[in-house]
Amino acid sequence: MAKKDKDFVKEVTSREEDYSQWYLDVILKTEMVDYAPVKGCMVIRPYGFTLWENMQALLDKKIKDTGHKNAYFPLFIPESLLQKEADHVEGFAPEVAWVTHGGNEKLAERLVVRPTSETIICSMYAKWIQSWRDLPVLINQWCNVVRWEKTTRPFLRTSEFLWQEGHTAHRTEEEAQEETLKMLEVYREFVEEDLAIPVITGLKTDKEKFAGALRTYTIEALMGDGRALQSGTSHNLGQHFAKVFDITFLDQDDQLKYVWQASWGVSTRLIGAIIMVHGDNRGLKIPPKVAPVQVVVVPIMPKKTREVVLEKAEALLVTLGEKFRMDIDDRDYSPGWKFNEWEMKGVPLRLEIGPKDIEKGQVVLVRRDTGEKFFVKEEDLDSTIEKLLAEIQDNMFQMALEFRTQNTTQCEDYEDFQKIIADRRGFVRANWCGHEQCEEKIKEDTKATIRCIPLKEDKMQGSCLCCGGEAKETVYFARAY
RNA sequence: CGGGGCGUAGCGCAGUUUGGUAGCGCACUUGGUUUGGGACCAAGGGGUCGGGGGUUCGAAUCCCUUCGCCCCGACCA
């Protein structure tokens, strides 16, 4: 199979040879992104951006269905606002971009380009919230943020990226906690059902949590090279921000109280996850629900029948195009060239139609995920495509789940653990005493970090992997992006 | 910020050791033949050799300087 793959797609470095290069080859050659003139910045090209738009549309609906409304807050945040929450500043200060001048004039107060919007949004919430009747406030925004990272990689960590950030304010601690978990569940559902990526939901350790949060919850996915990717986070902010931004309300009991807050976000990093979870040596494999093109029509056009075939293909596009995202490739390249091109671009289904098919009243459908070929009567086309797209979506999730299962191990012995992390990687379930010293030591020894303390999972028997002390939690370790 | 690598046509590279008219493959353009797994023939177009300075009769090549990108670390909700 590996050899066959190579014969088909010579554009792409194989994953076994150099995973990092494979990733870069794929995203550049499929025209998802290109490097921009500014270090760490990327251009998201139409093919990549359409994918993002499809993702946005599905997630945006879920966000609205859970009662949130979209708004937009400014890109610039006054330095004084960022300074207010001590942990928050400390966490973000090293990676913020500063605006110091307007034109040629030095600003009286420096502005930060938002690395996240808690502070500016909280400053507004303080104005807007007076009474328990004003709560909850449930706002989301889609925007760009900037974090001056030292090491960057397209989609996974860029200086500027696109995301959504939800910011909510609640009357009680319970409500804020409920919101935090509700949105984590929204993310899990979105990523698993729409992006076909299985995730582990869990709690971050104190060391790994968001700067300024009480608790951070995460969805963690396993990439094709065995490294984990934090794919979305939901934070219970407690009253940390409310207290420093003075977000208070008069409750029913006539007491002035601080609100309880949550914030949650996913970013274009998810595109990186799609690429690395589903991709193979032929290139991308995009889940049907978000694929920019779900069905690509490749007409086989010998000269004598060119017009007839093209006409037929275009007719199909008109009828089926109402229901499915489709594209027709009538460029003057050989059919084989086009097959490879669209496979590299990860289109779930290819529809071939040529003179022979027209005679028989059929078309040929080929699945990207399995390579299976189907000869389908024209009258069955609509229902067959619908069925196949659903099957592909499901199969992609199952394949990814199987990969994760095969690359998740349980471990009680530290030496075994080190070996696994060094050789096979993947997720390792192990016991932890809950102390940061052990967490640190494991990271120093192996570069693996605690990805999360899983929700809804039984604890293992045994003691702490590292110190042998009493185990407080069973956690997932992995090397992460 | 440390270590390594690379900047020559859109992309991938050779040429640099030993200075002497800037090349190859792919891509691109035109015409023709082709089209069910990356077709073929022919004719074309395209370069401040990352930037600046120096040495020299002469610099892609030697020297100095500078900028950028990639990879691996360190750092990083």
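Residue numbers for the first sequence follow the numbering used here, beginning at 1076 and rising by one. We put the CB at the ideal spot given by N, CA and C, even for glycine. These figures come from a predicted structure and were not determined experimentally.
Under 8 Å between the Cβ atoms of residue i and residue j?
i, j, result
"Gly1277", "Cys1527", "yes"
"Lys1159", "Phe1320", "yes"
"Arg1443", "Leu1463", "no"
"Asn1482", "Leu1297", "yes"
"Arg1302", "Ala1475", "no"
"Tyr1262", "Ile1214", "no"
"Val1370", "Ile1272", "no"
"Gln1252", "Gln1216", "no"
"Pro1374", "Asp1402", "no"
"Lys1547", "Cys1508", "yes"
"Tyr1147", "Cys1218", "yes"
Whole angstroms is fine: what's the gap from residue i's alpha carbon to residue j's?
i, j, result
"Cys1541", "Glu1477", "29 Å"
"Leu1126", "Ala1366", "6 Å"
"Glu1515", "Lys1420", "41 Å"
"Gly1181", "Thr1175", "Reading the sequence as shown, one finds Lys at residue 1181 and not Gly. In a straight line, the C-alpha of Lys1181 is about 6 Å away from that of Thr1175."
"Gly1177", "Val1188", "14 Å"
"Ala1317", "Thr1243", "11 Å"
"Glu1165", "Trp1335", "22 Å"
"Gly1123", "Asn1129", "10 Å"
"Gly1358", "Pro1211", "45 Å"
"Arg1504", "Pro1529", "10 Å"
"Val1101", "Gln1327", "58 Å"
"Ser1441", "Val1451", "A quick correction: the sequence has Val, not Ser, at residue 1441. Cα to Cα, the separation comes out at about 11 Å."
"Leu1456", "Phe1472", "24 Å"
"Lys1279", "Met1107", "31 Å"
"Asp1080", "Ala1348", "Bear in mind that the predicted position of Asp1080 carries a pLDDT of just 44, short of 50, making it unreliable; the figure below should be weighed with that in mind. Approximately 22 Å between the Cα atoms of the pair."
"Glu1382", "Ile1433", "12 Å"
"Val1438", "Asn1415", "19 Å"
"Ser1458", "Leu1259", "34 Å"
Which residue marks the beginning of the alpha helix (DSSP H) containing residue i, and which one marks its end?
i, result
"Ser1155", "Glu1154 to Gln1158"
"Pro1121", "Pro1121 to Asp1140"
"Cys1197", "Glu1193 to Trp1203"
"Ala1161", "Ala1161 to Phe1167"
"Phe1316", "His1315 to Phe1320"
"Asp1491", "Tyr1489 to Asp1498"
"Gln1252", "Glu1248 to Glu1264"
Given a threshold of 16 other Cβ atoms within 10 Å of its Cβ, counted over all protein chains shown, does residue i qualify as buried or as exposed?
i, result
"Val1274", "buried"
"Gln1536", "exposed"
"Leu1331", "exposed"
"Gln1468", "buried"
"Arg1499", "exposed"
"Pro1362", "buried"
"Tyr1551", "buried"
Can you give me the start and stop residues for the beta strand (DSSP E) that residue i sits inside?
i, result
"Trp1217", "Val1212 to Val1221"
"Asn1506", "Phe1502 to Trp1507"
"Cys1527", "Thr1524 to Pro1529"
"Gln1239", "Glu1235 to His1245"
"Arg1185", "Glu1180 to Val1188"
Ordered list of beta strand (DSSP E) runs contained in the region 1397–1436, each at least 3 residues: Within the region 1397–1436, the runs of beta strand (DSSP E) at least 3 residues long that lie entirely inside it are, in chain order, 1401–1403 and 1424–1428.
Sequence ranges, alpha helix (DSSP H) only - wholly within the region 1294–1352, length at least 4: Those alpha helix (DSSP H) runs which fall completely within the region 1294–1352 and span 4+ residues are 1315–1320.
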